[in-house]
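Reading through the structure tokens given below for one structure.
Number of protein chains: 2
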Amino acid sequence: MFDSANLDHVVDKATWKKEEPVLREALLKAQLDLAAQKRFPVLVLVGGVEGAGKGEAVNKLLEWFDPRAVHVHAFGEPTDEERERPAMWRFWRGLPPRGRVGVFFGAWHTQPIVNRALGRTTEDGFENAIGDIVRFERMLADEGVLLLKFWFHLTRKQQKRRFKDLSSDPRTAWRVTDLEWKYHRSYDDFVPTAEQFLQRTSTGDAPWFVIPGADEHYRNLLFGKTLLASMQERLAQGAPPVPVDRTPAFPEPVDAVNVINTIDLKKKLSKAKFEKELEHWQGRLALLSRHKRFKKTSVVLVFEGADAAGKGGAIRRITGALDARVYQGIPVAAPTEEERAQPYLWRFWRHMPGRGRFVMFDRSWYGRLLVERVEGFCSESDWMRGYSEIVDFEQQMVDHGYIILKFWLQISQKEQLRRFKERERTAWKRFKITPEDWRNREKWDAYQGAVCDMIDRTSTDAAPWKVIAAEDKNLARVTILKTLVEAIEARLDLSKG
Amino acid sequence: MFDSANLDHVVDKATWKKEEPVLREALLKAQLDLAAQKRFPVLVLVGGVEGAGKGEAVNKLLEWFDPRAVHVHAFGEPTDEERERPAMWRFWRGLPPRGRVGVFFGAWHTQPIVNRALGRTTEDGFENAIGDIVRFERMLADEGVLLLKFWFHLTRKQQKRRFKDLSSDPRTAWRVTDLEWKYHRSYDDFVPTAEQFLQRTSTGDAPWFVIPGADEHYRNLLFGKTLLASMQERLAQGAPPVPVDRTPAFPEPVDAVNVINTIDLKKKLSKAKFEKELEHWQGRLALLSRHKRFKKTSVVLVFEGADAAGKGGAIRRITGALDARVYQGIPVAAPTEEERAQPYLWRFWRHMPGRGRFVMFDRSWYGRLLVERVEGFCSESDWMRGYSEIVDFEQQMVDHGYIILKFWLQISQKEQLRRFKERERTAWKRFKITPEDWRNREKWDAYQGAVCDMIDRTSTDAAPWKVIAAEDKNLARVTILKTLVEAIEARLDLSKG
């Protein structure tokens, strides 16, 4: 990767003076077109060796662009808030919306390279991290993000010279500390690891661009021109890049037996028993939420089910046991304008809980595999890739130590009708029933098929789907509470308590 | 993945008798349409637990289809020929061409699952293998292959019952050996590993389909209908799936300094010195090729360079030192009809050498990054993904123990003109110069830029590019021989010899 960059590249001052204003004007125009089109975001990743001028190049960029519309994020040590959430959360929250440019200093590439160079990870672990990154970046590309990855390079000699030059000038000497020299001494561990990383993570969708950093003018021109070429090419495409459908097709079911219609909907819980059980499980949950060890974990609950299946009621029986300061309920409806300007999962990532907290999603990211699939709100390619993207997403929660449970509340079509009618009769429930509910009902079979595919393809040991018989609300509410309590107790090693 | 498959699915005989003929007719029609369109191949992967009816289902398929146009490959223990080549070679050679259906029993998924279930690989190693497979299958999808992956499933109980049933019938008892019961005992190790594998390798392009195997009719109907649905969907698309261009753009060079024009073309080797050196290095090469330890490795050499750069001459100086039985020279020109019907790298995979052998490619897979890019013979997406696909391809050779060297023969534009003219003047060289050579010459700068990108992005420690000053043919030939000899000596640990 560094063959070209190891050569001496120089741009003289006259050339720079001639070319910079042209580049600057073109970049500003591209930025304005980007903002006007609002079709895609540009995400600029900046990495490289110390002293190669990453900061200077980004400063230049902010001179060239209208800086008010550029979001720059430097990712150093994670903050407390970031440490409490899956590692990728800090990057998700910084993603630029469509029409904007975002610059990430030291993003998801930093840790895998550093850990490998210092021998903290094995070769297999390194490859593994690379695989995660390739999948993540592919998802960004599928979501329309123009991802431009820049690696600022210096040869060993150039780095030494650079540090010496900086040290000898009193105005810049502060920039070269023991840490910089430590980096220099580890050059021969770091750079070959980085090279391997760059090669393995350079895909057609997101290749790395290596920027030689020794000559200021060459560096800035190459950086700016590379950014410009890619922005101009994408802007000229006009239409959004529609993914080609090359996915296999799911067949119609061969029989009527499936994972949601084979559960027993006839069982009931009497009111007296319900009240006793409810009190019992709510009491256990309340204690658990105050347990010392609970402070180290977090709970993510997903509730999905047909309209009127009782998602809200089940959630209220959980929150009823909790202090309002430890939970957040997220009702998921149509995305906001801000959310629509981001990759699909962004609107869910923003709600990832800190330690010792619960988040309940009343409908969730599974909308992509249910309503968006059935109603055709996204392309077949989009929902087909959704299965593995969601498995990846939840795996990140699991790896971070979250407890995650997903409840599918199953009711019969007949019971749904009864509840719809009841809602229409009851003044204070009437707002809950809309023409859309009736329309969705007509697609009952299509939805049920999509639910089965969803459960088959996204239920994992660590983030399982629990199919709940919800025909009887009391039974459903108690079952859910019990499942939740037992999952937390198992995690906190209190199962015998 | 097995939630639905763990349920009892049954299709009664009446339904089967009614539905099978309809399915059969539709499948046969799809096969004929596939052959008529010749736009894409269908590759059916078959995996699953023992006793789940994989063989029976494929036999059924051969009844339904015209079996003459279906290629079935069962991958058991590798043959001698296969063991001498990178692991994926056996699968590449079996790929069906466009317009055909291929069936693979036990393909690239088998080893990773078995090795993990038996504890032969770590979790990281398993994930790593999964990453390789996902990249490989994505490449197949990018190349237009319709990949349909079927996993035949039985519950533990169903498997036991199945083995007992087979054992108790004298006509089938032979099918259940100790090995089958051994598999049954390891069910609880194997199936969860397989489930994890299926989930991690189910992508939008190539999801797994789980086929419950307990009921023969259900199994066969679901298998056939799934295959049919995907074939029909793709056939109905009509036009080939053109990949959307969402790749970043490579910028124009900022200066005139690059990895091929900075080498010294002025050095020469006198005729006398050349003859002495040639004899020396050819002699060492001849001995090496007969060395005992050489029998365990293989050499792949790639020669690229502008027209008349001297590729053929350099190759002849190598082959001159070798026994004709140990090498093969592959001149690469436009692909044949058979080669055009396959994924891009297929035509190169077919020439991978066995142990103790040399293969010299006179032009190579790098055509995708050079002529195909510059002349627009493939889309930008195609050549952009080529960099990482080629790095993956060569990594497989390296992992298998091949010695791989890639020579770029650099000459000046002036020297090329001199050689062209010389060729035109010499009767026995005239056939080597065509109008195309003159046309390529006009795109000199574009080609040189593509060469630099190629070297930067595909030169690795284990499969390096060697830029050879080829202005003087004698010097080039000796340098190449010396580089080759030293690489083999280093590999055979003879460097001091």
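For the protein sequence lines, the chains are A and B, in the order given.
So the first sequence is residues 135 to 631, counted in our numbering.
So the second sequence is residues 135 to 631, counted in our numbering.
In this text, a Cβ means the ideal position worked out from N, Cα and C, and glycines have one as well.
This one's a predicted model, so the numbers in the text were calculated from it and none came from an experiment.
I'd like to know if residue i contacts chain B, where contact means its C-beta is closer than 9 Å to some C-beta of that chain.
i: lysine 359 of chain A; result: yes
i: tryptophan 599 of chain A; result: yes
i: tyrosine 478 of chain A; result: no
i: phenylalanine 428 of chain A; result: no
i: cysteine 586 of chain A; result: yes
i: phenylalanine 286 of chain A; result: no
i: serine 522 of chain A; result: yes
i: methionine 518 of chain A; result: yes
i: valine 344 of chain A; result: yes
i: leucine 543 of chain A; result: no
Going along chain A, which residues have a C-beta under 8 Å from residue i?
i: leucine 141 of chain B; result: Val391, Asn392, Val393, Thr396
i: serine 515 of chain B; result: Gly338
Nearest chain A C-beta to residue i closer than 9 Å, yes or no?
i: methionine 531 of chain B; result: no
i: alanine 624 of chain B; result: no
i: serine 546 of chain B; result: no
i: valine 525 of chain B; result: yes
i: aspartate 379 of chain B; result: yes
i: tyrosine 581 of chain B; result: no
i: glutamine 371 of chain B; result: yes
i: valine 192 of chain B; result: no
i: leucine 195 of chain B; result: no
For residue i, which residues in chain A fall below 9 Å Cβ to Cβ?
i: methionine 222 of chain B; result: Those within 9 Å of methionine 222 of chain B in chain A number zero; the least Cβ separation is about 17 Å.
i: leucine 355 of chain B; result: Val388, Asp389
Quick one: list the residues of chain B neighbouring residue i, beta-carbon separation under 8 Å, in chain order.
i: glycine 259 of chain A; result: Asp258
i: glutamate 386 of chain A; result: Lys359, Ala363
i: tyrosine 352 of chain A; result: Val388, Asp389
How about residue i: is its Cβ closer than 8 Å to a heavy atom in the ligand GTP?
i: glycine 265 of chain A; result: Summarising the ligand content, the structure contains no ligands, and the ligand GTP is consequently not present.
Report the rounded CA-to-CA distance for residue i versus residue j, giving the unit in angstroms.
i: lysine 566 of chain A; j: serine 498 of chain A; result: 18 Å
i: isoleucine 614 of chain B; j: leucine 403 of chain B; result: 13 Å
i: glycine 631 of chain B; j: arginine 418 of chain B; result: Annotation note: pLDDT 47 at glycine 631 of chain B (below 50); position unreliable, coordinate value reported separately. The alpha-carbon atoms of glycine 631 of chain B and arginine 418 of chain B are separated by roughly 10 Å.
i: lysine 445 of chain B; j: threonine 431 of chain B; result: 24 Å
i: serine 593 of chain B; j: lysine 298 of chain B; result: 57 Å
i: phenylalanine 408 of chain B; j: arginine 611 of chain B; result: 9 Å
i: proline 175 of chain B; j: aspartate 379 of chain A; result: 16 Å
i: aspartate 398 of chain A; j: arginine 450 of chain A; result: 24 Å
i: glycine 463 of chain A; j: glycine 447 of chain A; result: 12 Å
i: isoleucine 244 of chain A; j: threonine 337 of chain B; result: Note that residue 244 of chain A is threonine in the sequence shown here, rather than isoleucine. So the alpha carbons of these two residues sit roughly 27 Å apart.
i: alanine 191 of chain A; j: arginine 353 of chain A; result: 8 Å
i: threonine 568 of chain B; j: phenylalanine 238 of chain B; result: 44 Å
i: lysine 540 of chain A; j: glutamate 473 of chain B; result: 49 Å
i: glycine 454 of chain A; j: glutamine 416 of chain A; result: 8 Å
i: alanine 148 of chain A; j: glutamate 154 of chain A; result: 10 Å
i: lysine 548 of chain A; j: alanine 169 of chain B; result: 48 Å
i: tyrosine 536 of chain B; j: phenylalanine 428 of chain B; result: 11 Å
Assuming residue i contacts residue j under a Cβ cut-off of 8 Å, what Cβ separation, rounded to an integer in Å, is found between them?
i: serine 423 of chain B; j: valine 393 of chain B; result: About 31 Å separates the two Cβ atoms, so there is no contact after all.
i: alanine 203 of chain A; j: glutamine 165 of chain A; result: 7 Å
i: glutamate 350 of chain A; j: glycine 187 of chain A; result: 7 Å
i: leucine 300 of chain B; j: arginine 309 of chain B; result: 5 Å
i: alanine 251 of chain A; j: phenylalanine 324 of chain A; result: 5 Å
i: glycine 358 of chain A; j: leucine 141 of chain A; result: So it is not a contact: roughly 20 Å between Cβ atoms.
i: leucine 332 of chain B; j: valine 388 of chain A; result: Going by Cβ atoms, the distance from leucine 332 of chain B to valine 388 of chain A rounds to 20 Å, so no, they are not a contact pair.
Name, please, each residue of chain B whose Cβ falls closer than 7 Å to the Cβ of residue i.
i: isoleucine 589 of chain A; result: Asp137
i: alanine 718 of chain A; result: An answer regarding residue 718 of chain A cannot be provided, because it is not within the stretch 135 to 631 covered by chain A.
i: proline 231 of chain A; result: By Cβ distance, chain B contributes nothing, its closest Cβ being about 18 Å from proline 231 of chain A, past 7 Å.
Give the interface partners of residue i over in chain A, defined as CB-CB distance under 7 Å, in chain order.
i: threonine 594 of chain B; result: Gln333
i: valine 145 of chain B; result: Val388, Asp389
Which chain B residues are close to residue i, counting only those with a beta carbon under 9 Å from its beta carbon?
i: proline 341 of chain A; result: Thr381, Pro382, Phe384, Met518, Tyr521, Ser522, Arg591
**Asked** For the segment 326-339 of chain B, which residues have a beta carbon sitting closer than 7 Å to at least one beta carbon of chain A?
**Response** Within the segment 326-339 of chain B, the qualifying residues are Gln333, Ser336, Thr337, Gly338, Asp339.
**Item:** Residues, ordered as in the chain, of the segment 261-274 of chain B that lie near chain A by beta-carbon distance below 9 Å
**Value:** Correct list: Glu261, Asn262, Ile264, Gly265, Asp266, Val268, Arg269, Arg272.
**Message:** Which residues of the segment 163-177 of chain A have a Cβ closer than 8 Å to any Cβ of chain B? Give them in chain order.
**Reply:** Answer set for the segment 163-177 of chain A: empty.
**Prompt:** Which residues, in chain order, does the segment 429-463 of chain B contribute to contact with chain A at a C-beta distance below 7 Å?
**Reply:** Nothing from the segment 429-463 of chain B brings a Cβ to less than 7 Å from some Cβ of chain A.
**Request:** Check each residue of the segment 490-517 of chain B: if its Cβ is closer than 9 Å to any Cβ of chain A, include it; give the result in chain order.
**Result:** Listed in chain order, the positions of the segment 490-517 of chain B with a beta carbon within less than 9 Å of a beta carbon of chain A are Glu514, Ser515, Asp516, Trp517.
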